[in-house]
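Heads up: the structure comes next, in structure tokens.
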Amino acid sequence: MTDAVETIDYSKTLYLPQTDFPMRAGLPEKEPGLVKRWQDMDLYRKLREEAAGREKFVLHDGPPYANGNIHIGHALNKILKDVINRSFQMRGYDANYVPGWDCHGLPIEWKIEEQYRAKGKNKDEVPVNEFRRECRDFAADWIKVQGSEFQRLGVIGDFDNPYTTMAYHAEARIAGELLKFAMSG
9 MTDAVETIDY
19 SKTLYLPQTD
29 FPMRAGLPEK
39 EPGLVKRWQD
49 MDLYRKLREE
59 AAGREKFVLH
69 DGPPYANGNI
79 HIGHALNKIL
89 KDVINRSFQM
99 RGYDANYVPG
109 WDCHGLPIEW
119 KIEEQYRAKG
129 KNKDEVPVNE
139 FRRECRDFAA
149 DWIKVQGSEF
159 QRLGVIGDFD
169 NPYTTMAYHA
179 EARIAGELLK
189 FAMSG
């Protein structure tokens with residue numbers, strides 16, 4: 009008597025359609041090529057040209073902090089907004105998406121302070137202008153990284169010309185508005 013278990017190939021018992029499509033999508037290998045193709049064909053510009061003169065649809069996107077790689081919350085947020093923009097674009101609107109980043113506040117300052125602590129550097133001994141410059145440089149680097157990550161998710165927008173809260177004209181406008189509040193009591 010033998011203890012061998014008989015194996016049955018059940019694939020022969022099912023009617024499976026024949027297809028030229030691969031059984032696995034292989035997205036990790038294909039995705040960079042798709043993103044490059046969209047960039048090479050300048051898809052964003054083509055969409056803008058095609059939508060010129062149409063009624064505008066504006067979805068104001070609350071910007072993420074430019075302080076690290078994107079996470080699942082960022083991905084969900086951007087993908088949903090991209091779906092909304094694309095649906096309005098396909099319905100005949102000019103749905104221009106301009107990405108933005110929040111470059112001020114504690115999340116970015118905290119990251120610079122973490123770097124100081126790792127180097128044994130005392131933040132209070134760093135001149136304010138140097139600290140601000142380091143925060144600005146840190147945010148600029150992460151804007152590039154996050155922009156690339158959002159594009160890898162398939163989000164279409166004007167990633168070459170994003171808005172940032174650290175742009176000097178934006179800072180000047182904010183300071184002017186705060187001055188108006190202060191002057192009006």
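Using our numbering, read the sequence shown as starting at 9 and increasing by one per residue. Where is the CB? At the ideal position from N, CA and C, for every residue including glycine.
Item	Value
Does the segment 104-118 touch the segment 70-90, meaning 3 or more C-beta pairs lie closer than 8 angstroms?	yes
Consult DSSP for residue 173 and reduce its assignment to one of helix, strand or coil.	coil
Beta-carbon within less than 6 angstroms of residue 158's beta-carbon, same chain only, minus the 5 sequence neighbours each way: which residues are those?	86
Distance, Cα to Cα, residue 169 vs residue 128?	37 angstroms
In terms of DSSP beta bridges, what is residue 108 paired with?	171
Could you tell me the boundaries of the alpha helix (DSSP H) in which residue 96 lies?	80-98
Please classify residue 23 as buried or exposed, where buried requires at least 16 neighbouring CB atoms within 10 angstroms.	exposed
Give me whichever residues DSSP pairs with residue 64 in a beta bridge.	102
Given that a residue counts as buried once 16 or more other Cβ atoms are within 10 Å of its Cβ, and exposed if not, what is residue 147?	buried
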